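In order, the protein sequences belong to chains A and B.
Convert by adding 288 to the 1-based position in the first sequence; the result is the number in this note's numbering.
Convert by adding 288 to the 1-based position in the second sequence; the result is the number in this note's numbering.
There are 2 protein chains.
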Amino acid sequence: MNYNIPLQNITPLIHQHCCNCNLNSLCMAVSLDTLEMTQLDNIINRGKALPKGYVLSEQGGKFESVYALKTGSIKTFTTSSEGDEQITGFYFPGDLIGLNGIDTGVCPNTIKTLETTTVCKLAFEQLDELSATLPKLRRQILKTMSKEICNEQHMLQLLANKSADERIATFLLRLSNRFKSRGFSPLKFRLSMSRNEIGNYLGLSLETVSRVFSRMHKSGHILVDNKEIEIIALKPLQLLANTEQ
Amino acid sequence: MNYNIPLQNITPLIHQHCCNCNLNSLCMAVSLDTLEMTQLDNIINRGKALPKGYVLSEQGGKFESVYALKTGSIKTFTTSSEGDEQITGFYFPGDLIGLNGIDTGVCPNTIKTLETTTVCKLAFEQLDELSATLPKLRRQILKTMSKEICNEQHMLQLLANKSADERIATFLLRLSNRFKSRGFSPLKFRLSMSRNEIGNYLGLSLETVSRVFSRMHKSGHILVDNKEIEIIALKPLQLLANTEQ
DNA sequence: CGTGTGATTGATTAAAATCAAGTGATGTGG
DNA sequence: CCACATCACTTGATTTTAATCAATCACACG
């Protein structure tokens with residue numbers, strides 16, 4: 289199910305601007321004043337609604353744009369020479385995706401929607417030029433990349449020496465925090481990715497993911513109904529995520 | 289053995305400039321012309337020789353500077369709330385270290401020398417200001433961070449679904465490539481980190497690291513003499529690093 | 001109403017961690 | 001310069017965890 293409909297052919301949203309986007313506090317536009325935001329606004333190709341499974345950018349392709357996620361969710365993954373995928377991140381509204389192509393000029397991973405999703409597309413060259421005159425924008429780009437590095441270092445720690453239960457607990461709590469900061473419920477949410485994708489991301493088999501969910505469900509920490517998750521007991525999860533028991 | 293001698297009290301090297309530094313093709317200075325290099329030169333606090341175990345920057349401290357590694361080697365690691373360390377990277381001459389503190393303004397990891405090491409210290413604020421007028425420098429900073437993200441995504445892939453043998457083979461080949469691009473021998477080198485540190489980085493116990501080294505030694509792929517490594521059969525290692533058996 | 005995909009659950013296996021000696025290297029003080 | 005202490009590394013035996021293999025269940029969809 290690999291849609292490759294060109295962006296132009298996808299239903300565009302009503303034209304909207306950064307200055308009245310409800311995500312501007314999370315996005316590139318954070319800390320810019322109205323005039324600066326208008327300048328940013330001018331280089332943005334805005335709000336296309338994309339179906340589930342749509343590939344925004346393919347690994348190996350030329351790096352030209354970065355994407356700001358408006359609604360929906362996205363996964364990024366690398367495909368190794370043997371063909372197996374490794375998911376490198378899940379993304380939600382307000383996230384900026386695709387900056388890691390700068391180094392080589394080639395997209396190092398594939399960007400794919402997990403559900404119906406809308407994004408803003410920013411041409412990187414123009415963004416870079418604009419950043420020369422807007423120190424706050426420049427700083428914001430660096431911050432985004434810096435945060436990405438920190439996230440990945442956190443994942444390294446998780447994969448290097450945490451148990452399956454600790455990985456899942458950490459995963460759920462990170463999702464919870466991300467939803468919270470976006471104004472969604474931090475205790476009740478829907479997983480837009482499959483067990484297989486969660487396992488791939490966390491270095492676990494899909495069976496293990498399912499077993500851990502069942503275990504946590506039985507012990508009353510969470511409520512699992514297929515993709516719907518409700519966190520019942522936050523403290524035990526936090527304990528599991530932080531401490532080596 | 290946690291030296292915390294202030295930088296000022298460490299023997300300074302003979303004053304040297306970016307324009308005649310033999311690492312400028314690897315470092316920030318790459319692609320800058322002579323005038324631009326001189327401007328960069330002016331904001332650099334240069335060439336201090338640091339003993340083994342010296343802490344350049346501590347996790348949780350204020351983020352102010354980044355470091356360019358001239359000679360020696362460095363590890364970066366995060367310390368979790370329970371106190372266990374997770375090594376996030378090993379660095380060699382030409383590498384730029386510490387940019388991931390930008391996001392929060394706080395150093396997200398500790399930077400520590402693995403042996404006698406010399407570095408150049410760059411005040412980040414000044415570097416950022418300079419980057420506004422030097423597009424090539426700005427691009428270089430982004431490239432450095434982009435490369436760091438790609439490295440870490442590569443590590444994620446390694447930790448998520450590769451066997452101990454594949455991890456070690458990949459580790460050795462990456463070192464080999466990095467030494468090669470720095471003009472050192474790609475087939476014979478000295479590991480400046482312990483088995484414990486390698487294991488920590490690769491998500492393996494130190495015993496497993498030792499066993500894999502022994503196994504590869506016996507099978508004639510590498511020669512191991514304590515910290516000295518010689519790659520005898522490159523092809524089998526590459527095969528092991530790339531393919532699922 | 002079958003078909004297929006994703007999720008759950010159980011049984012078995014495999015890989016690496018842990019536990020436990022023991023060896024070799026390095027460094028220190030007498 | 002040597003005896004001793006310490007630390008890093010190696011190797012072996014056992015245990016543990018999660019992967020794999022396998023069957024079944026549940027839900028969505030044509």
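We put the beta carbon where it would ideally sit given N, CA and C, even for glycine.
Remember, predicted model here, so these are calculated numbers, not experimental data.
Looking at the structure shown, is residue i part of a helix, part of a strand, or coil, going by DSSP?
{"i": "residue 520 of chain A", "result": "coil"}
{"i": "residue 389 of chain A", "result": "helix"}
{"i": "residue 445 of chain B", "result": "helix"}
{"i": "residue 363 of chain A", "result": "strand"}
{"i": "residue 307 of chain A", "result": "helix"}
{"i": "residue 492 of chain B", "result": "coil"}
{"i": "residue 332 of chain B", "result": "strand"}
{"i": "residue 477 of chain A", "result": "strand"}
{"i": "residue 506 of chain A", "result": "helix"}
{"i": "residue 529 of chain B", "result": "helix"}
{"i": "residue 319 of chain B", "result": "coil"}
{"i": "residue 357 of chain A", "result": "strand"}
{"i": "residue 501 of chain A", "result": "helix"}
{"i": "residue 440 of chain A", "result": "helix"}
{"i": "residue 545 of chain B", "result": "In this structure chain B extends from 289 to 533, so residue 545 of chain B is not present and cannot be described."}
{"i": "residue 485 of chain B", "result": "helix"}
{"i": "residue 324 of chain B", "result": "helix"}
{"i": "residue 434 of chain B", "result": "helix"}
{"i": "residue 429 of chain B", "result": "helix"}
Taking the alpha carbon of residue i as the reference point, which residue from the options has its own alpha carbon closest?
{"i": "residue 310 of chain A", "options": "A/346, A/469, A/330", "result": "A/469"}
{"i": "residue 525 of chain B", "options": "B/364, B/481, B/465", "result": "B/465"}
{"i": "residue 519 of chain A", "options": "A/352, A/474, A/498, A/451", "result": "A/474"}
{"i": "residue 397 of chain A", "options": "A/368, A/522, A/412", "result": "A/368"}
{"i": "residue 515 of chain A", "options": "A/500, A/408, A/325, A/483", "result": "A/483"}
{"i": "residue 477 of chain A", "options": "A/512, A/451, A/305, A/417", "result": "A/512"}
{"i": "residue 471 of chain A", "options": "A/427, A/416, A/304, A/381", "result": "A/381"}
{"i": "residue 371 of chain B", "options": "B/481, B/491, B/355, B/347", "result": "B/347"}
{"i": "residue 390 of chain B", "options": "B/307, B/412, B/345", "result": "B/412"}
{"i": "residue 442 of chain A", "options": "B/366, B/384, B/307", "result": "B/366"}
{"i": "residue 359 of chain B", "options": "B/454, B/373, B/338, B/510", "result": "B/338"}
{"i": "residue 388 of chain B", "options": "B/494, B/435, B/314, B/444", "result": "B/435"}
{"i": "residue 379 of chain B", "options": "B/399, B/437, B/373", "result": "B/399"}
{"i": "residue 459 of chain B", "options": "B/354, B/488, B/394, B/329", "result": "B/488"}
{"i": "residue 522 of chain A", "options": "A/307, A/480, A/462", "result": "A/462"}
{"i": "residue 355 of chain B", "options": "B/341, B/392, B/407, B/395", "result": "B/407"}
{"i": "residue 313 of chain A", "options": "A/383, A/438, A/500", "result": "A/383"}
{"i": "residue 490 of chain A", "options": "B/308, B/445, B/505", "result": "B/445"}
{"i": "residue 373 of chain B", "options": "A/450, A/334, A/403, A/364", "result": "A/450"}
{"i": "residue 517 of chain A", "options": "A/481, A/344, A/494, A/527", "result": "A/481"}
Just to confirm the assignment, what range does the alpha helix (DSSP H) spanning residue i have?
{"i": "residue 512 of chain B", "result": "Here residue 512 of chain B belongs to no alpha helix (DSSP H); instead the beta strand (DSSP E) covers 510 to 513."}
{"i": "residue 345 of chain A", "result": "Not the alpha helix (DSSP H): residue 345 of chain A falls in the beta strand (DSSP E), residues 343 to 345."}
{"i": "residue 402 of chain B", "result": "Per DSSP, residue 402 of chain B belongs to no alpha helix (DSSP H) and is neither H nor E."}
{"i": "residue 455 of chain B", "result": "452 to 469"}
{"i": "residue 351 of chain A", "result": "Looking at the DSSP string, residue 351 of chain A is not in any alpha helix (DSSP H), and its letter there is neither H nor E."}
{"i": "residue 415 of chain A", "result": "412 to 421"}
Sort out for me which residues DSSP pairs residue i with in a bridge.
{"i": "residue 377 of chain B", "result": "B/364"}
{"i": "residue 268 of chain B", "result": "As displayed, chain B neither begins before 289 nor continues past 533, which places residue 268 of chain B out of reach and without an answer."}
{"i": "residue 384 of chain A", "result": "A/356"}
{"i": "residue 394 of chain A", "result": "A/350"}
How many whole angstroms separate the CB atoms of residue i and residue j, which I take to be in contact at a CB cut-off of 8 Å?
{"i": "residue 405 of chain B", "j": "residue 362 of chain B", "result": "6 Å"}
{"i": "residue 332 of chain B", "j": "residue 410 of chain B", "result": "6 Å"}
{"i": "residue 497 of chain B", "j": "residue 486 of chain B", "result": "5 Å"}
{"i": "residue 492 of chain B", "j": "residue 452 of chain B", "result": "5 Å"}
{"i": "residue 418 of chain B", "j": "residue 328 of chain B", "result": "7 Å"}
{"i": "residue 325 of chain B", "j": "residue 428 of chain B", "result": "Contact doesn't hold; Cβ gap of about 12 Å is too wide."}
{"i": "residue 352 of chain A", "j": "residue 440 of chain B", "result": "Not quite, the Cβ-Cβ distance comes to about 23 Å (not below 8 Å), so this is no contact."}
Return yes when the C-beta of residue i is under 7 Å from any heavy atom of the ligand MN, and no when it is not.
{"i": "residue 310 of chain B", "result": "Absent from the structure shown: the ligand MN. Ligands present: none."}
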